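Chains as they are written, first to last, in this note's numbering: chain R, 1 to 228; chain B, 1 to 79.
Note that CB positions come from ideal geometry on N, CA and C, so glycine has one too.
No experiment lies behind these values; they were computed from the predicted model shown.
As structure tokens, the structure follows; a few thoughts come after it.
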Amino acid sequence: MPREGVASAPAARRTRRLTRHALVDRLFHWLAGGSVLLLLATSLLPVLGLEFAWVTVHWITGLILAILVLAHSVRAVCYQDLASMWISGKDLKRGLRDLGLGGKGPDRAAMIVGKYSLAQKAIHHAFSIVLLTAVVTGLLMLVRIDAPFWNRNPYWLSGGTWGVIYTLHGLASLLLVTMIIMHVYFALRPEKLYLTRSMIVGWIRGEEYEKYYDPSGWPLESNRDGDR
Amino acid sequence: MLQGRSGVGRKPQPSEHQRLENSEQRLSSMEIFRHSRDVWGQETLLGISWDLLPVFFWAGVAFIAGHAIYSWLTAPKRS
């Protein structure tokens, strides 16, 4: 009969909890997500015919989102590993294999090279570009409304320039509709539910780490968020 | 009830051909941008057209359907 300590060691390794997302990153994700949904609701519901006083809620939520994006950018540059978001040649090769373009068909058993897959990095960068466009154009548009700290000045830029700013802001909001649908779909797919759980509670299990991740690409020793 | 049975007062229904023609007209008249005229009568860009909202929504739905079908077709067979 195996000794208790020997028999339970592999089981303990499989069920151990490994931190994937720190609390501050999860808070950013859910607060930014909630802000974006509120911004889309307050801008697109009136377009769909539901009339209400949306401007104040919209610009205040927009300011909150701008602060969240700024805080996330500072944290990413100063306190996190920016390279973990870089799309490498290995990521592209793995992505091609996933699409069945690697010569042998889709290889679902292949490990994810780093902490994030190619698809996760791609959607993160897409969200970054679209959200930054929405935030910067939105901040410029604040000039055109009266607020407690400033008076409106609609003549600050020419009509044509305002048209371009409004077009970019609107395009960003429409792109967000498509991207949120895709993001939620992937979050709810059965094989990705462990990632959704990690965005709620912060951790993945040891068995999930061993099954999906190449330790050379996401070594636990370099995991700044710690290993519980 | 009587009106409904006899057809009196019922709105004339468009034929299939007319319906197709109307939907084609809607598609061809779909604007990409919103414009207005300024005080000098010049056309000014206002922003992106909200007619595009269903296009972006259905693009997301189409992506989901496409990916779900692709994943199902390429899933490893259970023996």
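- DSSP, reduced to helix, strand and coil, places residue 36(B) within a strand of the structure shown.
- Taking 7 Å as the Cβ-Cβ cut-off, the stretch 143-167 of chain R approaches chain B at 159, 160, 163, 164, 166 and 167, given in chain order.
- Scanning 174(R), 193(R) and 158(R) for the CA closest to the CA of residue 45(B) turns up 158(R).
- Within the DSSP secondary-structure output, residue 44(B) pairs in a beta bridge with 36(B).
- Between residue 191(R) and residue 220(R), the alpha-carbon positions lie close to 22 Å from each other.
- When secondary structure is reduced to three states using DSSP, residue 213(R) falls in the strand class.
- With its beta carbon less than 7 Å from one in chain R, residue 38(B) belongs to the interface.
- Residue 69(B): member of the alpha helix (DSSP H) spanning 53-74, first to last residue.
- For residue 144(R), there is no enclosing beta strand (DSSP E), since its DSSP letter is neither H nor E.
- Using beta-carbon distances, residue 185(R) counts as an interface residue toward chain B, with a partner under 7 Å.
- Between residue 17(R) and residue 207(R), the gap from beta carbon to beta carbon reaches 7 Å or more.
- For residue 73(B), not one C-beta of chain R is nearer than 7 Å to its own C-beta.
- Of all alpha-carbon atoms in 215(R), 205(R) and 216(R), the one lying nearest the alpha-carbon of residue 12(R) is that of 205(R).
- Straight across, the Cα-Cα distance linking residue 39(B) with residue 162(R) is about 16 Å.
- Under the Cβ criterion of 7 Å, residue 181(R) is counted among the residues facing chain B.
- Residue 52(B) and residue 174(R) have their C-alpha atoms spaced approximately 8 Å apart.
- Annotation for residue 112(R): no beta strand (DSSP E) segment contains it, and DSSP assigns it neither H nor E.
- Within the same chain, and ignoring the five residues on either side of residue 87(R) in sequence, the residues whose Cβ sits closer than 7 Å to its Cβ are 118 and 121.
- Its chain contains 85 and 116 as the residues whose beta carbon lies nearer than 8 Å to that of residue 124(R), once the 5 sequence neighbours on both sides are disregarded; these appear in chain order.
- The secondary-structure analysis by DSSP pairs residue 18(R) across a beta bridge with 204(R).
- When secondary structure is reduced to three states using DSSP, residue 157(R) falls in the coil class, being assigned neither helix nor strand.
- Looking at 90(R), 45(R) and 29(R), the one whose alpha-carbon comes closest to that of residue 216(R) is 90(R).
- The Cβ of residue 66(B) sits no closer than 7 Å to any Cβ of chain R.
- Among the residues of the stretch 46-67 of chain B, those with a Cβ less than 7 Å away from any Cβ of chain R are 46, 47, 48, 50, 52, 53, 56, 57, 59, 60, 61, 63 and 64, in the order of the chain.
- With contacts defined as CB atoms closer than 7 Å, residue 56(B) and residue 182(R) fail to qualify as a contacting pair.
- Rounded to the nearest angstrom, the Cβ distance from residue 114(R) to residue 218(R) is 5 Å, consistent with a contact under 8 Å.
- When DSSP states are grouped into helix, strand and coil, residue 77(B) belongs to the coil group.
- In terms of Cβ geometry, residue 176(R) and residue 133(R) do not form a close pair [threshold 7 Å].
- Taken in chain order, the complete beta strand (DSSP E) segments of 3 or more residues contained in the stretch 19-57 of chain R number zero; there are none.
- Listed along the chain, the chain B residues whose CB falls inside 8 Å of the CB of residue 49(R) amount to none; the nearest CB is some 11 Å away.
- Here residue 81(R) carries a coil assignment [DSSP, helix/strand/coil].
- What residue 138(R) touches in chain B, judged by beta-carbon distance under 7 Å, is nothing: the nearest beta carbon there is about 13 Å away.
- By the rule that beta-carbons nearer than 7 Å mark a contact, residue 36(R) does not touch chain B.
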